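Trainee: Residue numbers (our numbering): 862 to 1159. Every residue gets a Cβ at the ideal spot worked out from N, C-alpha and C, and that includes glycine. The structure displayed is predicted, hence computed values, not measured ones.
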Amino acid sequence: MEARDFSALRISLASPEQIRSWSYGEVTKPETINYRRLRPEMDGLFCERTFGPTRDWQCYCGKYKNIRYRGIICDKCGVEVTRSSVRRERMGHIELAAPVAHVWYTRRVPSYLGLLLDVSRRNLDRVLYFAQYVITQVDEDARKRAIARIDQELENKEAELKDEIDEQMADLRETRDQAAAKFDRRVREIDRHFEKERDRLTDAAVREGRAVEASISDLLGQVAPSQIHLESAGKVVVGRGEIITSDHVSRMQEMIGEYLSALETEMAGLKTEEIQKVSGDIDQANADVESAMGEHLA
862 MEARDFSALR ISLASPEQIR SWSYGEVTKP ETINYRRLRP EMDGLFCERT FGPTRDWQCY
922 CGKYKNIRYR GIICDKCGVE VTRSSVRRER MGHIELAAPV AHVWYTRRVP SYLGLLLDVS
982 RRNLDRVLYF AQYVITQVDE DARKRAIARI DQELENKEAE LKDEIDEQMA DLRETRDQAA
1042 AKFDRRVREI DRHFEKERDR LTDAAVREGR AVEASISDLL GQVAPSQIHL ESAGKVVVGR
1102 GEIITSDHVS RMQEMIGEYL SALETEMAGL KTEEIQKVSG DIDQANADVE SAMGEHLA
């Protein structure tokens, strides 16, 4: 066809069906030639079975090597016996696992594909480099089934989590109740301990007071040969050389009363201090339990 025989030339994209009709075979390997034998690789980009022989009237394996075999397809290598010049016009095709696009259609400004698909060049590059997807069609039935399945899985998971949380909450409540019961037991033990100690010291002081009172009564009106002490109170009731009178008995009783009052105050303070220590521990334990319960409920 001469150049003057047409007035316009139109270029358009060929459909997959049209490309397959032009194709002489599918290229399945990315290799070109075998560098040891310097021959095209079968099913590669230079495959003789697809594009034609590299030597006139000779197949790939060499079974047919003459023009008289023209048009015969070798039953061993599958190459047609013909001229090597057919390699300039024959085409093959590649079955794509995923759509591809040449950078010429995306990198230029404005982007042809971007305008055609109404997609920004940045998002288009993400799709072409498999970083994102373009949804072209949605199977509504499959979508509904998937949503129903996800909802069911979510309900099952929520039920499992609820049971697990309820169990953990029950354990935390039990831990809290056990700590409270332990605190009550400890407080009762402290009460018993200090009451017992107070009674012991009180009884000892009373016994000592009676003994001192008996000694004073025996020596009434006499000069004390030595000091008479009230050991529990840590005080001297009668000094050495003093004449013992009934006033010394009254003094001793006052000392006993002051000692017992001070003992009661001291024991109450010690008991309160010990209970506060235990209370601090139980408060910390309760705070930890409440914090854990709050995290589970959040």
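(1) Helix, strand or coil: which one does DSSP assign to L906?
(2) Can you tell me where the alpha helix (DSSP H) with V1084 in it begins and where it stops?
(3) Exposed or buried, what is Y896 when buried is set at 16 or more other beta-carbons lying within 10 Å of its beta-carbon?
(4) Assuming V1099 and E1074 make a contact with CB atoms under 8 angstroms, what is their CB distance in whole Å?
(5) Cutting at 7 angstroms between CB atoms, please list the residues of its own chain near M903, excluding the five before and the five after it.
(6) Report the partner residues of N1017 according to the DSSP bridge assignment.
(7) Between which two residues does the alpha helix (DSSP H) carrying G975 extend?
(8) Under the three-state reduction of DSSP, which class applies to H1109: helix, strand or coil?
(9) Less than 7 angstroms separating the beta-carbons of C908 and V942?
(10) Quick one: Cα of V1097 to Cα of K1043, how far?
(11) Can you give me the C-alpha to C-alpha distance between G913 and R1010, rounded to a whole angstrom?
(12) Alpha helix (DSSP H) containing V988: first to last residue?
(13) For the structure I just gave you, are there three or more beta carbon pairs, one from the stretch 954 to 963 and one from the stretch 886 to 900, closer than 8 angstroms?
(14) Which word fits S1093, buried or exposed, when buried means at least 16 other C-beta atoms lie within 10 angstroms of its C-beta?
(15) Give the straight-line distance between the Cα atoms of E1134 and M1128, rounded to the nearest whole angstrom.
(16) CA-CA distance, D1032 and L1091?
(17) Consult DSSP for G1130 and reduce its assignment to one of helix, strand or coil.
(18) State buried or exposed for L989, treating a residue as buried only when at least 16 other CB atoms are found within 10 Å of its CB.
(19) One question on the structure: do A962 and L974 come within less than 7 angstroms of each other, judged by their Cβ atoms?
(20) Nearest-angstrom Cα distance between P1086 and R1071?
(21) I believe R982 touches S972 by the beta-carbon criterion, under 8 angstroms. Please report the beta-carbon distance rounded to the nearest angstrom.
(22) Within this structure, are the beta carbons of L1124 and L1062 separated by less than 7 angstroms?
(23) I'd like to check one pair, A1065 with Y1120: are the Cβ atoms closer than 7 angstroms?
Mentor: Let's see:
(1) Taking the first residue of the sequence shown as 1, we reach residue 906 at position 45. L906 falls in the coil class under three-state DSSP.
(2) One-based indexing of the sequence shown puts residue 1084 at position 223. Counting along the chain, V1084 falls outside any alpha helix (DSSP H), and DSSP gives it neither H nor E.
(3) In the sequence shown, the residue the question calls residue 896 occupies position 35. Exposed is the call here.
(4) Against the sequence shown, residue 1099 aligns to sequence position 238. Against the sequence shown, residue 1074 aligns to sequence position 213. For a cut-off of 8 angstroms, the C-beta gap from V1099 to E1074 is around 11 angstroms, too long to register as a contact.
(5) Looking up residue 903 in the sequence shown gives position 42. Taken in chain order, the residues that qualify are R910.
(6) Residue mapping note: residue 1017 aligns to position 156 of the sequence shown, counting from 1. Looking at the DSSP output, N1017 shares a beta bridge with no other residue.
(7) Counted from its first residue, the sequence shown places residue 975 at position 114. For G975, the uninterrupted alpha helix (DSSP H) segment begins and ends at 973 to 978.
(8) By one-based count along the sequence shown, residue 1109 stands at place 248. DSSP, read as helix, strand or coil, puts H1109 in helix.
(9) Taking the first residue of the sequence shown as 1, we reach residue 908 at position 47. Taking the first residue of the sequence shown as 1, we reach residue 942 at position 81. V942 sits away from C908, with the two beta carbons spaced by 7 angstroms or more.
(10) Counted from its first residue, the sequence shown places residue 1097 at position 236. Counted from its first residue, the sequence shown places residue 1043 at position 182. CA-to-CA, the gap between V1097 and K1043 works out to about 46 angstroms.
(11) What you label residue 913 is simply residue 52 of the sequence shown in a count that begins at 1. What you label residue 1010 is simply residue 149 of the sequence shown in a count that begins at 1. Taking the straight line joining both Cα atoms gives about 54 angstroms.
(12) Here residue 988 corresponds to residue number 127 of the sequence shown, with the count starting at 1. Unbroken alpha helix (DSSP H) run through V988: 982 to 989.
(13) Result yes; three or more Cβ-Cβ pairs closer than 8 angstroms.
(14) Counting from one through the sequence shown, the residue named residue 1093 turns up at place 232. Answer is buried; the Cβ neighbour count reaches 16.
(15) Here residue 1134 refers to the residue found at position 273 when the sequence shown is read from its first residue. Here residue 1128 refers to the residue found at position 267 when the sequence shown is read from its first residue. When rounded, the distance between both Cα atoms is 10 angstroms.
(16) As a first step, residue 1032 must be located in the sequence shown, where it is residue number 171. As a first step, residue 1091 must be located in the sequence shown, where it is residue number 230. Each residue's alpha carbon lies about 57 angstroms from the other.
(17) Counting from one through the sequence shown, the residue named residue 1130 turns up at place 269. G1130 falls in the helix class under three-state DSSP.
(18) Taking the sequence shown and counting its residues from 1, one reaches residue 989 at position 128. Around the beta carbon of L989, a 10 Å sphere encloses 16 or more other beta carbons of the protein chains shown; the residue is thus reported as buried.
(19) Locating residue 962 in the sequence shown gives position 101, counting from the first residue. Locating residue 974 in the sequence shown gives position 113, counting from the first residue. Contact flag set, yes.
(20) Taking the first residue of the sequence shown as position 1, residue 1086 is located at position 225. Taking the first residue of the sequence shown as position 1, residue 1071 is located at position 210. Inter-residue distance for P1086 and R1071 is about 20 angstroms (C-alpha atoms, whole angstroms).
(21) Residue numbering aside, residue 982 sits at position 121 when the sequence shown is read from its first letter. Residue numbering aside, residue 972 sits at position 111 when the sequence shown is read from its first letter. About 5 angstroms separates the beta carbon of R982 from that of S972, a gap short enough to meet the 8 angstroms contact definition.
(22) Here residue 1124 refers to the residue found at position 263 of the sequence shown. Here residue 1062 refers to the residue found at position 201 of the sequence shown. A distance below 7 angstroms separates the beta carbons of L1124 and L1062.
(23) The residue given as residue 1120 occupies position 259 in the sequence shown. The residue given as residue 1065 occupies position 204 in the sequence shown. No, the pair does not count as a contact, with Cβ atoms beyond the cut-off.
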